[in-house]
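Just so you know, the sequence shown maps onto residues 389 to 566 in this note's numbering.
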Amino acid sequence: MGWFKKKADPINERARALNEQIAALESQIKRLSTHVEKSEELEESTSKTRSAAGPADQSSASIAKPGAPQPTPGEPVFEEVNQNRLKSQGEPETTSEHYNELGVRKYDLAALLRRIKNHFRGPSTANPKLVSYLAAGSIQGLRPMRYEKRVARNRFLFFFILLFLGLLGIIVMFVKNH
């Protein structure tokens with residue numbers, strides 16, 4: 389029987405395969421970058437001296453802003469990232485309306501109920517698409533979530549009835565003897 393055998397997890401196997409692909413790609417990137425660096429060094433050693441009359445690169449000088457510092461070829465270029473989108477939504481700001489004339493914070497029943505409801509609801513998902521795939525059973529090899537819930541519910545009901553009948557039998561035997 390297969391009671392003590394661990395079932396194969398298709399998600400873990402897929403993650404392992406993807407990690408192997410990532411490692412292969414990283415090694416290929418390293419190999420290609422060293423090849424490019426060697427070719428650039430070879431090109432620099434064989435290139436002729438440049439005239440000092442004009443700027444080194446006309447195209448990059450015309451694109452860059454005049455006040456911004458010019459990056460060197462080896463220096464990374466950073467982009468602006470919208471930090472508001474990355475930060476999680478925290479506690480709402482407090483204003484003078486939240487405090488009474490004595491400086492004590494006012495009691496807000498609606499906010500308390502909202503916090504309690506959010507506490508029991510749990511955090512929102514970071515990847516709603518994955519949740520919808522899991523619920524629908526769209527990932528190959530996994531059963532739909534509704535099927536898993538039904539199995540868990542039936543298992544609970546079976547063991548609950550078994551426990552109830554066992555306790556009922558013990559009570560009947562106890563009452564019969566007295």
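We put the beta carbon where it would ideally sit given N, CA and C, even for glycine.
Asked	Found
For V493, list the residues DSSP reports as bridge partners.	Sequence inspection shows Arg at residue 493; the Val mentioned does not correspond to that position. DSSP lists Y487 as partners of R493.
What is the DSSP secondary structure of N515, reduced to helix, strand or coil?	coil
Measure the C-alpha to C-alpha separation of H566 and V560 and round it to an integer number of angstroms.	10 Å
In angstroms, rounded to a whole number, what distance separates the CA positions of K494 and E485?	8 Å
For A440, does the count of other Cβ atoms within 10 angstroms reach 16, so buried, or fall short, so exposed?	With a pLDDT of 48 at A440, under the threshold of 50, the modelled position of this residue cannot be trusted; read the value that follows with caution. Classification of A440: exposed, given that the 10 Å Cβ count is below 16.
What is the rounded straight-line gap between the Cα of K564 and the Cα of G557?	10 Å
So what does DSSP say about R402, is it helix, strand or coil?	helix
Alpha carbon to alpha carbon, how far is S421 from A412? Give it in angstroms, no decimals.	14 Å
Going by C-alpha to C-alpha distance, which of R541, K393, Y521, P516 sits closest to I399?	Y521
What span of residues does the alpha helix (DSSP H) with A540 cover, start to end?	533 to 565
What would DSSP say about K426, mapped onto helix, strand or coil?	helix
Mapping the DSSP letters down to three states, classify F508 as helix, strand or coil.	helix
Alpha carbon to alpha carbon, how far is V465 from A396?	45 Å
Beta-carbon within less than 6 Å of T513's beta-carbon, same chain only, minus the 5 sequence neighbours each way: which residues are those?	V519
If you drop the 5 nearest sequence neighbours on each side, which residues of the same chain put their C-beta closer than 6 Å to that of L530?	none
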